[in-house]
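Notes to accompany the following structure.
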Ligand code: GCV
């Protein structure tokens, strides 16, 4: 089996040149394991291109050894005590890198670790073959690093093929059938492994009728996908419909405590594992936005999750049970219901009741992937439950991959948030058991992600799941170095500087020209692109800003509001409750304030709205100008250059629209003029 050949597709962060340093060396690979075979194949291919060679296990001199520790005597003994001590402690995916006396060594206890070690060398490039390096051990911070695909098999009449997908069609299905050529799925698996992802859920969490069949009649399609990504250490998961026992099994109920239901899940799951022995497990969206769930039977979500967990347990599978449960049929006049409270209210009373192989999958914010939200309090409130965090790589609320919005800085803040104050653990430590899940932004677009620069978000997701402490700028450098291999002409520093200037603070730029101060949801209903300040204000979705002539924001205080602030540990409960101490960026998430309220920054709320919208739209225009300075032909693929340029045009237009609608709206509501006298429509 050869490496995937996808010549008409952009290679993203694995262009052939990224393997130059490895491929020009004399390499030895030691170990017997399917993933070691993958490493071998990668090395053979690289050597064929760059003149190196893959030697036998006992052959002559080498520059690089990649070995399992079980083959340690042949490989690592001369690399000093550190290398020897690491043996057996690296785990399923960890690896060690060292360099001594002209030989670079990668050691791992298992094949997956060796593969991650290989991709680490790819990142290091020539740097892996220079001066001596003391032994360095790398282990993932989280064992579970998954991407959820919201892919439909059949094209959905409203949501299309990929729900919230901005990168063309599905990588997996086309015209209602599994793609005949799955080469690209294999290439996708390779890209994911190279950034650290080790699992994919292949279908939409909204499981429609056709997709429900993937669990039974169409299971072969899931098996075919698993076969493609298995060589890259990636396990496949399936989103399942909670009502499957009825929809697929013909039972009169899906009550999780009904014995027939138990047996159905158990028998069905056994068949899944007979077909896909390394199947990962299920993802479930239950009692959420119209999906069926245990509430129909007056059962709890623990009852619901556990029946699936029991079926999966004998095979080592897990169920990712989503905590995205709220009333989406709320009466907008009802001020006592607060969507932000919902997940905490539903799930924290169940802490300790979920089986060990249940992961509660919690969106990072209490509402829905807004560009700015406080962290979900659920993540800190369920110590006896395995909690995983869900991020949205696909840019549903951050510009549909038409806007440049590098999300690593947002995720980095989220993962570093300390619920109990500076001396407490970071959020990343609270999700070590459940891991990180991202909604994938990839599709069949030739650039994978619609906006070529959105590839960096996919890459960064994997890297942060592996190493949450990595700085967003460092990750961006890695991505730039890999993706844009040094050109023979032109000035590569110009490209690096330009991409940093465009991307480092693109999330803050996006935040500036959209909804202010954490209030969220001023997007157009349905597709969620572009401004519509009151679009959701009188709907049933529970996402309101309550702007009137005097002020704006949601009172979630305990003193006078919905009491949401009380769901946090004391350190943040107090700060969020206090108008004086609440951080500006989430002020309107927690408080309804008059327009002349003075922020901690010293400016009034209304002036802040005007200033940030003018600044944000100008910064969007700056992005376009920066890109225009790059020498397209010399530094980047001209098609990529053109694609980015075209999307920047749309970003500038849309940012101006946001600026003008939001400013006009608040000027008309408040009657307060802009202190700088700028034009407001
Ligand atoms: C898959 C948001 C999106 C929905 C998505 C849902 C979810 O509401 O708009 O498209 O459904 O989140 O996460 O389940």
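Numbering (our numbering), first residue to last: 2 to 682.
We put the beta carbon where it would ideally sit given N, CA and C, even for glycine.
The structure displayed is predicted, hence computed values, not measured ones.
Exposure label - residue i; buried when at least 16 CB within 10 Å
| i | result |
| --- | --- |
| residue 253 | exposed |
| residue 55 | buried |
| residue 677 | exposed |
| residue 512 | buried |
| residue 272 | exposed |
| residue 335 | exposed |
| residue 159 | exposed |
| residue 580 | exposed |
| residue 449 | buried |
| residue 599 | exposed |
| residue 601 | exposed |
| residue 541 | exposed |
| residue 426 | exposed |
| residue 24 | buried |
Residue i in three-state terms, based on DSSP
| i | result |
| --- | --- |
| residue 1 | Limits of the chain in this structure are 2 at one end and 682 at the other, which puts residue 1 out of reach. |
| residue 463 | helix |
| residue 96 | strand |
| residue 333 | coil |
| residue 1 | No answer is possible for residue 1: the residues shown for the chain start at 2 and end at 682. |
| residue 290 | coil |
| residue 105 | strand |
| residue 605 | strand |
| residue 583 | coil |
| residue 111 | coil |
| residue 443 | coil |
| residue 23 | helix |
| residue 552 | strand |
| residue 377 | coil |
| residue 406 | coil |
| residue 321 | strand |
| residue 175 | strand |
| residue 481 | helix |
| residue 387 | strand |
| residue 146 | strand |
| residue 263 | helix |
| residue 497 | helix |
| residue 135 | strand |
| residue 596 | coil |
| residue 51 | helix |
The ligand GCV heavy atom lying under 7 Å from the CB of residue i
| i | result |
| --- | --- |
| residue 286 | yes |
| residue 206 | yes |
| residue 171 | no |
| residue 325 | yes |
| residue 289 | yes |
| residue 369 | yes |
| residue 151 | yes |
| residue 94 | no |
| residue 165 | yes |
| residue 397 | yes |
Supposed close pair residue i, residue j - CB separation, criterion 8 Å
| i | j | result |
| --- | --- | --- |
| residue 372 | residue 573 | Actually they are not in contact, since the Cβ atoms of residue 372 and residue 573 sit about 20 Å apart, beyond 8 Å. |
| residue 612 | residue 604 | 7 Å |
| residue 295 | residue 304 | 5 Å |
| residue 360 | residue 321 | 5 Å |
| residue 609 | residue 553 | Not quite, the Cβ-Cβ distance comes to about 11 Å (not below 8 Å), so this is no contact. |
| residue 287 | residue 293 | 7 Å |
| residue 108 | residue 68 | 6 Å |
| residue 389 | residue 437 | 7 Å |
| residue 269 | residue 313 | Actually they are not in contact, since the Cβ atoms of residue 269 and residue 313 sit about 11 Å apart, beyond 8 Å. |
| residue 391 | residue 354 | Actually they are not in contact, since the Cβ atoms of residue 391 and residue 354 sit about 21 Å apart, beyond 8 Å. |
Cβ-heavy atom distance, residue i to the ligand MN, below 7 Å
| i | result |
| --- | --- |
| residue 243 | In terms of ligand content, the structure shown lacks the ligand MN and carries the ligand GCV instead. |
*Three or more C-beta pairs below 8 Å linking the segment 487-506 and the segment 618-629*: yes
*asked:* Any contact between the segment 279-287 and the segment 308-315? By contact I mean 3 or more CB pairs, one from each, below 8 Å.
replied: yes
*Report yes or no: do the segment 477-494 and the segment 543-561 share at least 3 C-beta pairs separated by less than 8 Å?*
no
*asked:* Measuring CB atoms only, is the segment 439-457 touching the segment 119-136, in the sense that at least three cross pairs come out at less than 8 Å?
replied: no
*Would you say the segment 509-528 touches the segment 657-672, given that touching needs at least three Cβ pairs under 8 Å?*
yes
*Would you say the segment 377-384 touches the segment 455-468, given that touching needs at least three Cβ pairs under 8 Å?*
no
*Three or more C-beta pairs below 8 Å linking the segment 185-200 and the segment 226-238*: yes
_When you compare the segment 464-476 with the segment 180-187, are there three or more beta-carbon pairs, one atom per stretch, that lie closer than 8 Å?_
no
*Below 8 Å, can you find three or more Cβ-Cβ pairs linking the segment 192-211 to the segment 157-173?*
yes
*asked:* Whether or not the segment 40-54 and the segment 24-31 are in contact is what I'm after, with contact meaning three or more pairs of Cβ atoms, one per stretch, closer than 8 Å; do they touch?
replied: yes
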